[in-house]
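Read through the structure below, which is laid out as structure tokens, and then see the notes.
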Amino acid sequence: MPIHDSRIRIDELADEGRDVRFGQDDAWALAAATEALEGEVSGLVAALHIERIAEVVRVSGRASASVVRGCDRCGGPVRLDLGGDVELLYEPTPHPALVEDRILDESELDIGFYDGRQLDLVDVLMEQLALWLPVRVRCTDPGVHQVGEAWTCALPDAEEGPDLTRQNPFANLRLPE
Ligand SMILES: [Zn+2]
Numbered sequence: 024m025p026i027h028d029s030r031i032r033i034d035e036l037a038d039e040g041r042d043v044r045f046g047q048d049d050a051w052a053l054a055a056a057t058e059a060l061e062g063e064v065s066g067l068v069a070a071l072h073i074e075r076i077a078e079v080v081r082v083s084g085r086a087s088a089s090v091v092r093g094c095d096r097c098g099g100p101v102r103l104d105l106g107g108d109v110e111l112l113y114e115p116t117p118h119p120a121l122v123e124d125r126i127l128d129e130s131e132l133d134i135g136f137y138d139g140r141q142l143d144l145v146d147v148l149m150e151q152l153a154l155w156l157p158v159r160v161r162c163t164d165p166g167v168h169q170v171g172e173a174w175t176c177a178l179p180d181a182e183e184g185p186d187l188t189r190q191n192p193f194a195n196l197r198l199p200e
């Protein structure tokens with residue numbers, strides 16, 4: 024069943040949990056995916072199960088999306104297909120005092136946090152897509168497809184580096200003929 028509100032009330036979650044499906048047609052999901060993937064998103068679909076295990080919320084299932092964005096080397100449009108199993112855990116946000124006293128360091132824990140009452144699927148979707156998105160996206164990487172006719176991935180001439188010879192009075196000293 025499509026959901027129109029991305030926020031799931033955890034304190035009202037049934038014992039058996041809840042199934043949620045969302046995708047391209049849900050405006051909040053498309054906006055979240057577009058922000059996370061920094062490009063034009065298509066084929067976004069997610070089928071997730073949300074359940075509570077004691078204080079921890081488990082989000083599992085599958086999701087996938089494609090994005091068209093610029094190659095990080097040549098700038099040409101490339102398509103990236105992302106997707107797979109989802110397995111995320113969320114704990115209630117620790118009391119600020121625990122973080123302040125360095126008893127807990129959020130950045131060192133491999134777990135997400137929610138406010139204890141509701142979990143926002145915007146955060147879930149953005150986190151999962153960010154985990155799948157490579158740090159760098161280049162034409163030659165596996166799973167990356169050039170859009171349109173193939174071209175040779177190379178740095179554009181104008182962007183190979185600034186031309187320092189005119190601005191730098193010592194350029195000739197450093198680069199003898
Ligand atoms: Zn490229």
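Residues 24 to 200 (our numbering) are what the sequence shown spells out, left to right. Backbone N, C-alpha and C fix where the C-beta goes; we use that ideal spot for every residue, glycine too. Keep in mind that this is a model prediction, so the values were computed, not measured.
Asked                                                                                                                                                                                                    : Found
Is there at least one non-hydrogen atom of ligand 1 closer than 7 angstroms to the beta-carbon of residue 201?                                                                                           : Nothing can be reported for residue 201: it is not among the residues displayed for the chain, which extend from 24 to 200.
Identify, in the order they occur along the chain, each residue of the same chain with its Cβ nearer than 7 angstroms to the Cβ of residue 145, setting aside the five sequence neighbours on each side. : 29, 51, 55
Alpha carbon to alpha carbon, what distance is there between residue 89 and residue 33?                                                                                                                  : 30 angstroms
For residue 178, is the classification buried or exposed, using 16 other Cβ atoms within 10 angstroms of its Cβ as the cut-off for buried?                                                               : exposed
Of all the beta strand (DSSP E) runs that stay within the bounds of the segment 45 to 89, which reach a length of 3 or more residues?                                                                    : 63 to 76
Ligand 1 and residue 159: does any heavy atom of the ligand fall closer than 7 angstroms to the residue's C-beta?                                                                                        : no
Who pairs with residue 93 in a beta bridge, going by DSSP?                                                                                                                                               : 100
Which same chain residues, not among the five before or five after residue 39, have their C-beta less than 8 angstroms away from its C-beta?                                                             : 74
Taking 7 angstroms as the cut-off, is the beta-carbon of residue 99 closer than that to any non-hydrogen atom of ligand 1?                                                                               : yes
What is the DSSP secondary structure of residue 109, counted as helix, strand or coil?                                                                                                                   : strand
Can you look up residue 145 in the DSSP assignment and give me helix, strand or coil?                                                                                                                    : helix
Could you tell me whether the Cβ atoms of residue 68 and residue 111 are closer together than 8 angstroms?                                                                                               : no
Below 8 angstroms, how does it come out for the segment 135 to 142 and the segment 93 to 102: are there three or more Cβ pairs, yes or no?                                                               : no
Which term fits residue 59, buried or exposed, when burial requires 16 or more other beta carbons within 10 angstroms of its beta carbon?                                                                : buried
Can you give the beta carbon distance from residue 114 to residue 150, rounded, assuming they're within the 8 angstroms contact cut?                                                                     : With 8 angstroms as the limit, residue 114 and residue 150 do not qualify as a contact, their Cβ atoms being about 14 angstroms apart.
Alpha carbons only, please: which of 106, 136, 108 is nearest the one belonging to residue 118?                                                                                                          : 136
Looking only at its chain, what residues have a beta carbon closer than 6 angstroms to the beta carbon of residue 36, apart from the 5 residues adjacent to it on each side?                             : 75
Any idea if residue 134 is buried or exposed, counting beta-carbon neighbours within 10 angstroms, 16 or more meaning buried?                                                                            : exposed
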